[in-house]
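Positions 7 to 287 (my numbering) are the ones given, in order, by the sequence shown. First the structure, in the form of structure tokens, and then the observations on it.
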Amino acid sequence: MTNPPLSADPVTLTHPIVEISDLNKNFGQVVALRNVTLSVKPGEIVVLLGLSGSGKSTLLRHVDGLDTPTEGSVRVLGRQVSTLRGRQLRKLRQDIGFVFQQFELVPSLTVLENVLIGSLATLRGPRLGLWSYPRRLKLAALGHLDRVGLLERAYQRADTLSGGQQQRVAIARALMQNPKILLADEPVASLDPESSEQVMALIRDIALDEGLTVLCSLHQVDLALSWGDRVVGLRHGELVLDTPTEGLTKAEVMAIYGRVTTSTSALEVIERELLSTVSMA
Ligand code: ADP
Ligand code: MG
């Protein structure tokens, strides 16, 4: 299969930036995704909503080529992800920032060094210490730290920051790649409600400013509705909901989950997880 060049591809401006067709993913006997079809336009902010185990992380990992489909196709920025190897895959990943629930910072390094790690893919060889990064990257990193409101923390160790602050550092690190797509896998699941709101608002502001396309998994209906342009609901690996959030109510979302639920106990789990306010992990 041939792929067009990754950069300066005018096709990606009008075509879906992520196009998933009939994606199936099995892990042995476990069906993680079943016939998922999803198309995301450039600049869209999409929330993946679903209980734990519904397939959210697996879906995000396919976009970045961290998982490969059992069946079906995943096209990202005009490229068939499963055909990419080596340099081409690294090039695609450079266009995709990833933010995780547990932040994944290096605790013993300074905040600034953690942000600079986001630029490593563009540099040759290992980097040891701040002095080893080019000045232009250090300035860019400071700019991104300013953007997330943490400029004054640049020289502090990462593990001295609060969870919400660490997640903002992780966002700044992702911005070092100048990504076109931002994937966020339950970015606020370990945060208190106030920090969660802050982090989600920050992701949204940055996405709008930079024209980023965002795919973010969450498990709370409230946050999904207040924050996304569009909500995609997964249940046992199947897509059960795909609709704009505007005008959508919590009751309607719950009704959709209710309709596809076969037992009262299943409904109880859904209510407990999806209707919970942000968890205090
Ligand atoms: P979510 O992110 O919504 O919690 P996941 O995508 O992590 O869901 O998981 C979907 C299903 O696939 C679950 O049943 C999970 O146990 C299974 N799964 C995910 N990754 C693996 C793996 N690497 N090996 C085996 N099973 C997996
Ligand atoms: Mg997950």
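For each residue, glycine too, the CB sits at the ideal point set by N, CA and C.
Using a Cβ-Cβ cut-off of 6 Å (strictly less than) and excluding sequence neighbours within five positions of residue i, which residues of its own chain qualify?
{"i": "Val220", "result": "Ile51, Leu188, Ala213"}
{"i": "Lys186", "result": "Asp101"}
{"i": "Val259", "result": "Val227"}
{"i": "Arg159", "result": "Val117"}
{"i": "Ala14", "result": "Unreliable placement is indicated for Ala14, whose pLDDT of 47 sits below 50; no coordinate value is reported for it."}
{"i": "Arg81", "result": "Glu25"}
Please go through the same chain and pick out, in chain order, the residues whose beta-carbon is closer than 7 Å to the beta-carbon of residue i, but skip the five residues on each side of it.
{"i": "His242", "result": "Ser60"}
{"i": "Gly49", "result": "Gly217, Thr219"}
{"i": "Val46", "result": "Pro22, Ile23, Val24, Val52, Thr219, Leu221"}
{"i": "Ser282", "result": "Gln226"}
{"i": "Tyr288", "result": "Nothing can be reported for residue 288: it is not among the residues displayed for the chain, which extend from 7 to 287."}
{"i": "Gln204", "result": "Gly170"}
{"i": "Ser269", "result": "none"}
Quick check on this structure: which residue in the options has the alpha carbon closest to the alpha carbon of residue i?
{"i": "Leu111", "options": "Arg133, Thr64, Leu167", "result": "Leu167"}
{"i": "Thr255", "options": "Leu151, Ala272, Val227, Ser282", "result": "Val227"}
{"i": "Leu229", "options": "Asp248, Ala207, Val42", "result": "Ala207"}
{"i": "Glu25", "options": "Ile177, Glu244, His68, Gly253", "result": "His68"}
{"i": "Ile262", "options": "Asp248, Ser232, Ser282, Asp191", "result": "Asp248"}
{"i": "Leu95", "options": "Asn30, Gly71, Val80, Glu192", "result": "Gly71"}
{"i": "Asn32", "options": "Val194, Gly103, Glu279, Thr76", "result": "Thr76"}
{"i": "Leu148", "options": "Leu129, Thr128, Leu181, Ala127", "result": "Leu181"}
{"i": "Arg66", "options": "Ser232, Gln172, Gln183, Phe106", "result": "Note that residue 66 corresponds to Leu in the displayed sequence, not to Arg. Out of Ser232, Gln172, Gln183, Phe106, Phe106 has the C-alpha closest to the C-alpha of Leu66."}
{"i": "Asp198", "options": "Gln173, Arg85, Gln183", "result": "Gln173"}
{"i": "Gly253", "options": "Ser232, Pro193, Gly34", "result": "Ser232"}
{"i": "Val2", "options": "Gly34, Gly103, Val266", "result": "Nothing about residue 2 can be reported from this structure: the residues present for the chain run from 7 to 287 only."}
Do residue i and residue j have their C-beta atoms closer together than 8 Å?
{"i": "Ser223", "j": "Leu54", "result": "yes"}
{"i": "Thr64", "j": "Ala38", "result": "yes"}
{"i": "Leu98", "j": "Leu115", "result": "no"}
{"i": "Ile209", "j": "Ala178", "result": "no"}
{"i": "Val42", "j": "Leu245", "result": "yes"}
{"i": "Gly155", "j": "Ser201", "result": "no"}
{"i": "Leu57", "j": "Glu274", "result": "no"}
{"i": "Gly239", "j": "Thr251", "result": "no"}
{"i": "Ala127", "j": "Gln86", "result": "no"}
So is the beta-carbon of residue i under 7 Å away from any non-hydrogen atom of the ligand MG?
{"i": "Ser282", "result": "no"}
{"i": "Asp191", "result": "yes"}
{"i": "Ser223", "result": "yes"}
Ordered along the chain, which non-local residues of its own chain (more than five positions away) have a Cβ less than 8 Å from that of residue i?
{"i": "Pro1", "result": "The displayed coordinates of the chain run from 7 to 287. Any statement about residue 1 would go beyond what the structure contains."}
{"i": "Lys144", "result": "Leu118, Leu122, Leu136"}
{"i": "Asp28", "result": "Asn41, Val42, Thr43, Glu77, Gly78, Ser79"}
{"i": "Pro16", "result": "Its pLDDT being 48, under 50, Pro16 is placed unreliably in this model, and the value from its coordinates should be taken loosely. No residues qualify anywhere along the chain."}
{"i": "Glu277", "result": "Met260"}
{"i": "Ala272", "result": "none"}
{"i": "Gly264", "result": "Leu273, Ile276"}
{"i": "Arg236", "result": "Glu50, Ile51, Val52, Val53, Asp248, Thr249, Pro250, Thr251"}
Please tell me whether, using a cut-off of 7 Å, the distance from the CB of residue i to the nearest non-hydrogen atom of the ligand ADP is below it.
{"i": "Gly78", "result": "no"}
{"i": "Lys62", "result": "yes"}
{"i": "Ala230", "result": "no"}
{"i": "Ser196", "result": "no"}
{"i": "Gly71", "result": "no"}
{"i": "Val36", "result": "yes"}
{"i": "Ser58", "result": "yes"}
{"i": "Phe106", "result": "no"}
{"i": "Lys109", "result": "The displayed chain sequence assigns Phe, not Lys, to residue 109. The answer is no for Phe109."}
Step through the CB atoms of chain B and report whether any lies within less than 8 Å of the CB of residue i.
{"i": "Ala176", "result": "The chain inventory of the structure shown lacks chain B, comprising one protein chain alone."}
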